[in-house]
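Shown next, in structure tokens, is the structure this report addresses.
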Amino acid sequence: GGDDDSGDAGSTDTGSKTFEAGTTMERLNKAQKIVIGTKFDQPGFGLKGLDGKPAGFDVEIGKIVADELGIPEDKIEYIETPSAVREEKIEKGEADIVVATYTINDKRKERIDFAGPYYVAGQNILVKADDTSITGPDSFKAGDKKVCSVQGSTPAANIEQYLANKGSQLVLFDVYTKCIDALNSGQVNAVTTDNVILLGFIARNEGKFKLAGENFTEEPYGIGLKKGDTAFRTFINDTLEKAYSDGRYEGAWKDTAGKFDDQVPTGPAVNRY
Amino acid sequence: MKDQQTVLYDAPGPRARRVTLIVSVIVVLAVVAGAYFLVYRPLDEQGQFSMDLWGPLIDPDNEVFSQVWARLRDGFVATLTAAALAIVSSLIFGTALAVLRIQLKALNKRKFSGLAAPAAIALRTLSWFLSIVSRFFVEIFRGLPVVITIFFVASALPELGVDLGDILWYLVIGLTLYNMVVIGEILRSGMEGLPGGQREAAEAMGLSSFQTTRMILLPQAFRIMLPALISQLVVVLKDTSLGFIISYEEVLRVSGQIIQALPEPNPIQVYAVVGAIYILVNYALSKLAEYVQRRLARGRKTAALPAEQPPAALAAEIEPAAKV
Amino acid sequence: MTLHRAVTTVAAGEPLIVLDSVNKWFGPLHVLQDVSLSVDRGEVVVVIGPSGSGKSTLCRAINRLEPINSGTITFDGKPLPAEGRALARLRSDVGMVFQSFNLFAHKTILQNVTLGPVKVRREKSASARDRAMTLLERVGIASQAEKYPAQLSGGQQQRAAIARALAMQPKAMLFDEPTSALDPEMVGEVLDVMTSLARDGMTMVVVTHEMGFARHAANRVVFMADGQLVEQAPPDEFFGSPKSERAKDFLSKILTH
Amino acid sequence: MTLHRAVTTVAAGEPLIVLDSVNKWFGPLHVLQDVSLSVDRGEVVVVIGPSGSGKSTLCRAINRLEPINSGTITFDGKPLPAEGRALARLRSDVGMVFQSFNLFAHKTILQNVTLGPVKVRREKSASARDRAMTLLERVGIASQAEKYPAQLSGGQQQRAAIARALAMQPKAMLFDEPTSALDPEMVGEVLDVMTSLARDGMTMVVVTHEMGFARHAANRVVFMADGQLVEQAPPDEFFGSPKSERAKDFLSKILTH
Amino acid sequence: MSVLVDHFDVFASGLWLTFQLCLLSAIGALILGTVAAVMRISPIPPLRWVGTAYVTVFRNCPLTIVWFFAAFGLPALGSNADFLRIPGLTSVFSRLGVDIPYFRFAIVALSVYTGAFVCEAIRSGINAVPTGQAEAARAIGLTFTQNLRHVVLPQAWKAAIVPLGSVIIAMIKNSALAGFFGLVGELSNSGVNLTSALGEPIIPVFIGVSIGFLIMTVPLGLLLDHLERRRAVAR
Ligand SMILES: Nc1ncnc2c1ncn2[C@@H]1O[C@H](COP(=O)(O)OP(=O)(O)OP(=O)(O)O)[C@@H](O)[C@H]1O
Ligand SMILES: Nc1ncnc2c1ncn2[C@@H]1O[C@H](COP(=O)(O)OP(=O)(O)OP(=O)(O)O)[C@@H](O)[C@H]1O
Ligand SMILES: [Mg+2]
Ligand SMILES: [Mg+2]
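First to last, the sequence lines map onto chains A, B, C, D and E.
With the numbering used here as the guide, the letters of the first sequence map in order to residues 1074 to 1346.
With the numbering used here as the guide, the letters of the second sequence map in order to residues 88 to 411.
With the numbering used here as the guide, the letters of the third sequence map in order to residues 3 to 259.
With the numbering used here as the guide, the letters of the fourth sequence map in order to residues 3 to 259.
With the numbering used here as the guide, the letters of the fifth sequence map in order to residues 20 to 254.
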């Protein structure tokens, strides 16, 4: 992880931050501790490294928020929040915020609130570098191309509608690395999920893979927090905007997901609903 | 008791020994050739034996060697923790279940003629009801895939407002639900498989039904079933790997994370190493079961080792290596 | 049938065990058919008969290991209790010795013998132990007290089982083919113990094929066939001149070879 | 030892089975110690001795169900073959009857009896069947031919087992405690069959505890103890005046009760 | 509970696919297990070693690892398990013939893993035949193969039926892992898909999945209990 140069601007004045009494910000600052939910198995965004600590763009965003709350890095506790349990962890208060490639949608907003988005991903398709037969999701309609994704994921549900025959075209695993192995050894022709994840694999396997065409969905990643905590949501949105402008956002990207995609994204406009 | 195998054919004479030798040599050659052409060569051509892939696992000088093994160790500790907790609680609850079912069986035969009619009817209904419930419990958890049970526990309990915090506990409960039923049935069939004379002798002496179960049947069932119980430990140890479904960080899930974090992904190598460790540990356990079995057969501190004790629908898991 | 009743009521002493018109079915099989029998205090009754005639069932009915379908069984003046504490108390008054010994395999001989007195009679374990050792002495296996059943020969195990039954200070003893599972050279040692018990005045019901024992130790021989009590008489009379055809036939089969 | 050899070679007839200095170990246990024995054609030899003395092992060694460690066994003038067809042929010449019958549980009585002739001797199944029925007739269970072993009484099963052995038209028969697993009233029927076989001149080696049979059917009684062949003599002589202490002791134990 | 009705087709087709997988794997496991068992009782030591090694490895290794090697090790060896595209079978079990090999890999994984347990069940059946039977057969002069064919195996088969049934039940339950190794549309995978991707409530969906498995396992278990009781009485 490249956290050494991103946080020091704020970490010197830890104690000096003050927040309005009764807010979540004040509570967390007083406690000098925050629990951040993230993924442990998502290269580039949240992946548990060999040192046992998670690293990635989501983790860096979490650190920026913590820093703004006056909490030093070593006081952050990370818990794993796989897709299925994210809402629950927030509702129960087990995680103060969840930064975990968390697509904002209305169904989820019924249970929790989102700050952000801080990044807009989109579903895309990964193919072998010399493959010209697949140019987008429509290439699957013919029924002869096989595609891989992860069990129970939104990308898997999205791609299904482009398939002529699910049984002979779709392969699902529990993690994307298995899809990459299957693509490598020829059991499938393509892997589909959010572009950033795919970019990670392109970078790790130099010259072997490429993206086939443009993103065909929009996946705005947000930061999940307890429903109704508007003050906290506003605070995080402010923090994000601040980070866009003062270079911390760019730094976070470059050290993590930027290793796969040198094109630094512009911070998307936050949605203060 | 002689092994069936040893009486199937005669002690070999000179000609039989010669034939055996020739066939043996052919078999060995075939196995070696098969291993070379079907396994070694294709893997080697793909560079699966390169040190880039194996280094992090077997080369102490590799820069990530110690980190990889530190994580693997944490994974194994997590695996062993879950397995140990699960086996202990399965033993406790399984024993209770077995005793309950045996007692209910005895109770269902009683007429409670000494009591007033309503009380007798109430007691008989209660014991009948409990028998049905325990039977259902057994059938359901014995028939469900353990993955499903674990997943169900981990998602249903929080939804019902029971929050245990650490996912370890969901895994332990899921494993326990299945294994307590299996162990309960092992013990129950062990008790029922004891020579009928043991129970009769105890009852003829004036011991109550519960005393008989507790002092005469259960201790002997434990001894007889010890090998099967140890083999069940192997099952639990293997099944902890199903914790990945609720993202419990046991050794296989940790392995997955290691593979993703290494610069050169090497799933085949990592899983081969982890698999080998699993096999070694479980093999040692089944050897222990075998040893215990032999000691029991020699010492015969129990009334009898029934000819075959695994109850239907369980034998697969409990059949100790020693027995078969 | 009435004849038998007459015989038994004429006998000296006071009846300890009385079976009256006992019937027992196993499903469609009528294994005890209207059996009436009375055993006096101090009497030794030997039951013989072909395999499957219901001898074991009779024996087991007396301490209600086998419930009966009709008729009554009285022990020491009281009808057999049906279940629960009362039944357990009755059973502790009737010692039972099985063909297959049925020693508790996970306990030493001494523990086998003291278990009943301590757990059922709630005796002090020290005194139970002392009495157990005396009994083991009496049946000649005091030196084996600390061993497990599997370490003993069949004859020794059966003698331990007798000591275990005696430890409850029973009013009567039931023996169900106590020597059938023994190697021939061990039969004698068990019969010796039983003979000495009989001499000491224990009330005994013994199912056995050992005609020698029946001849010299029994007060009365009872012959069963097909669930019926066919004939009963003192041993001399029974072996000398059996009345029924079936008894003659049976005796000819087992005494010729 | 030399004495015994002398006795057997003096005997009339021609030896069919000859054991010479046979030794057999089970691990450290020396179960046959330098055993020499010769059985003549038509002779009936009864082997007795305490449990564990090696009687069964001796019996099983004769048709090589148990290989021996040293010494030689000759059958009908030829040493026992070690393996293969020759061994199978030898075994088909030696009938064996076990204590636990060992009838093939999944075949009818008739199938049990015809299996050997058809599969080993390659007889036509019709002729094998005819002969089987004659044999079943002879042992008195022809009416049970179509039943499965489990449907028969012990005595009937053992007689079927004898018929099965006879169906191979053996030159000698080995019996290992053929009546020990039987109810007492069935012992007679099996012994009767064996006695008639003996009368017909079959060469027989019989391990048994039935002293009556030994007395009236045996030409010679062999007493074993601790793996050794301690004493052998005609039955009258052996039962009348046993020479060795161990034989006296053994006889006193099994004949008194 | 309306999920069960709304998505009945999903559950039904999941059950059907799981059933196909189990049926084919059971056949494979029985074949492998029988071969291994024969090897393990043969008089040829290296055959016994191979049989023993097979059983030791697969009994002691978690199924997830076995499955991993079936799904990723086989491709590494250059195989798509095409030997399972058996002409007659592919027309009945269409998944067997599709280009995606994961149904075939699933069969390989389950068969190879279960075969080890089948081997032990068969051996336990052989051991359950009283030794006297084989001895009596030898005593009338039957050879090793005659002995096996006419005396031991016909009886062992009966004794092995119950343990074999238990092994098959365990296999049916183990098939629930197929969804994690590339097989789309199998019962448990359908459940995960309904809850995670389509956001259906967890409890009813998993009750549906559970019913699907119990439909297969419980009757089989009851049948075995029954067989076992009958055998116990017969004995
Ligand atoms: N638990 C039972 N269930 C069904 N039938 C039984 C049961 N116990 C005994 N029987 C049958 O009842 C009849 C009498 O059995 P019992 O054991 O009393 O005979 P026995 O005279 O003791 O015979 P043996 O000399 O063989 O011991 C037999 O036909 C037997 O098969
Ligand atoms: N397969 C075996 N392995 C090890 N020891 C054995 C084996 N078979 C028999 N023995 C031992 O060899 C000795 C002789 O056994 P054997 O069966 O020949 O005695 P036996 O005289 O027939 O006794 P019994 O009257 O009890 O049948 C015994 O001590 C027995 O324990
Ligand atoms: Mg009886
Ligand atoms: Mg013997």
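All residues carry an ideal CB built from backbone N, CA and C; glycine is no exception.
{"Asked": "Please look up how many angstroms separate the CB atoms of L34/C and T59/C, rounded, as I've assumed it's under 8 Å.", "Found": "6 Å"}
{"Asked": "What does E85/D touch in chain B if you count any residue whose Cβ is under 7 Å from its own?", "Found": "D97, P99, G100, R102, A103"}
{"Asked": "Any beta-carbon of chain C closer than 8 Å to the one on D185/D?", "Found": "yes"}
{"Asked": "Would you say Q380/B reaches chain A, if we count a Cβ-Cβ gap shorter than 8 Å as a contact?", "Found": "no"}
{"Asked": "T205/D: beta carbon under 7 Å from a heavy atom of ligand 2?", "Found": "no"}
{"Asked": "Nearest chain A C-beta to P314/B closer than 8 Å, yes or no?", "Found": "no"}
{"Asked": "Tell me the rounded alpha-carbon separation between K1148/A and V1132/A.", "Found": "14 Å"}
{"Asked": "Give me the DSSP bridge partner(s) of M206/D.", "Found": "V46/D, M175/D"}
{"Asked": "Are the C-beta of A227/B and some C-beta of chain E separated by less than 8 Å?", "Found": "The residue asked about is misnamed: residue 227/B is Ile in this sequence, not Ala. Yes - at least one Cβ of chain E is within 8 Å of the one on I227/B."}
{"Asked": "Are the C-beta atoms of P236/D and some chain C residue less than 8 Å apart?", "Found": "no"}
{"Asked": "Ignore the nearest five residues each way along the sequence and tell me which others in T389/B's own chain have a CB closer than 6 Å to its CB.", "Found": "The predicted position of T389/B is uncertain, since its pLDDT is 49 and thus under 50; no value can be drawn from it."}
{"Asked": "Less than 8 Å between CB atoms is the rule here; does P205/B satisfy it with respect to chain A?", "Found": "no"}
{"Asked": "Would the beta-carbon of L264/B fall within 8 Å of that of T299/B?", "Found": "no"}
{"Asked": "The alpha helix (DSSP H) spanning Y121/E covers which residue range?", "Found": "121-147"}
{"Asked": "By DSSP, does L18/D sit in helix, in strand, or in coil?", "Found": "strand"}
{"Asked": "Please confirm whether S296/B and A193/B have their CB atoms less than 8 Å apart.", "Found": "yes"}
{"Asked": "Fully enclosed by the segment 87-122 of chain D, which beta strand (DSSP E) runs are 3 residues long or longer?", "Found": "96-99"}
{"Asked": "Taking the C-alpha atoms as reference points, what is the distance between G190/D and I164/D?", "Found": "14 Å"}
{"Asked": "Using 8 Å as the threshold, is the C-beta distance between I1170/A and V1138/A below it?", "Found": "yes"}
{"Asked": "Is there a Cβ of chain C sitting closer than 8 Å to that of T299/B, yes or no?", "Found": "no"}
{"Asked": "Can you tell me whether F309/B sits near ligand 2, meaning its C-beta is under 7 Å from at least one heavy atom of the ligand?", "Found": "no"}
{"Asked": "Assign H32/D to one of three DSSP states: helix, strand, or coil.", "Found": "strand"}
{"Asked": "Can you list, in chain order, the residues of the segment 251-282 of chain B whose Cβ is nearer than 8 Å to any Cβ on chain C?", "Found": "P282"}
{"Asked": "Taking CB distances under 8 Å as the criterion, tell me whether S102/D reaches chain E.", "Found": "yes"}
{"Asked": "Quickly, what does DSSP pair D1186/A with across the bridge? List them, please.", "Found": "L1298/A"}
{"Asked": "Please decide whether A13/D counts as near chain E, where near means a Cβ-Cβ distance under 8 Å.", "Found": "Confidence in A13/D is poor, its pLDDT being 43 and thus under 50, which makes the residue's placement unreliable; the coordinate value appears in the next sentence. It does not: the Cβ of A13/D has no partner Cβ on chain E nearer than 8 Å."}
{"Asked": "Only counting the same chain, and skipping five residues up and downstream in sequence, which positions put a Cβ closer than 8 Å to that of V1248/A?", "Found": "D1114, V1223"}
{"Asked": "Return the residue from the list K374/B, A376/B, D97/B, E377/B that minimises the CA-CA distance to A153/E.", "Found": "D97/B"}
{"Asked": "May I have the straight-line CA-CA distance separating E212/C from V141/C, to the nearest angstrom?", "Found": "19 Å"}
{"Asked": "With a cut-off of 8 Å on the beta carbons, I'd call A1285/A and I1207/A a contact; round off their distance for me.", "Found": "5 Å"}
{"Asked": "Grouping DSSP H, G and I as helix and E and B as strand, with all else coil, what is S229/E?", "Found": "helix"}
{"Asked": "Taking a cut of 7 Å between CB atoms, which residues from the segment 43-69 of chain C lie near chain F?", "Found": "Absence of chain F from the displayed structure is noted, the protein chains being A, B, C, D and E."}
{"Asked": "Which residues in chain B have a C-beta closer than 9 Å to the C-beta of L89/D? List them in chain order.", "Found": "D97, G100"}
{"Asked": "Taking Cβ positions, are F100/C and G284/B nearer each other than 8 Å?", "Found": "yes"}
{"Asked": "Output, in chain order, the set of chain E residues within a Cβ distance shorter than 7 Å of V115/D.", "Found": "Ordered by position in chain E, no residue passes the 7 Å Cβ test against V115/D, which lies about 10 Å from the chain."}
{"Asked": "Mind checking if I145/E is an interface residue toward chain D, Cβ cutoff 8 Å exclusive?", "Found": "no"}
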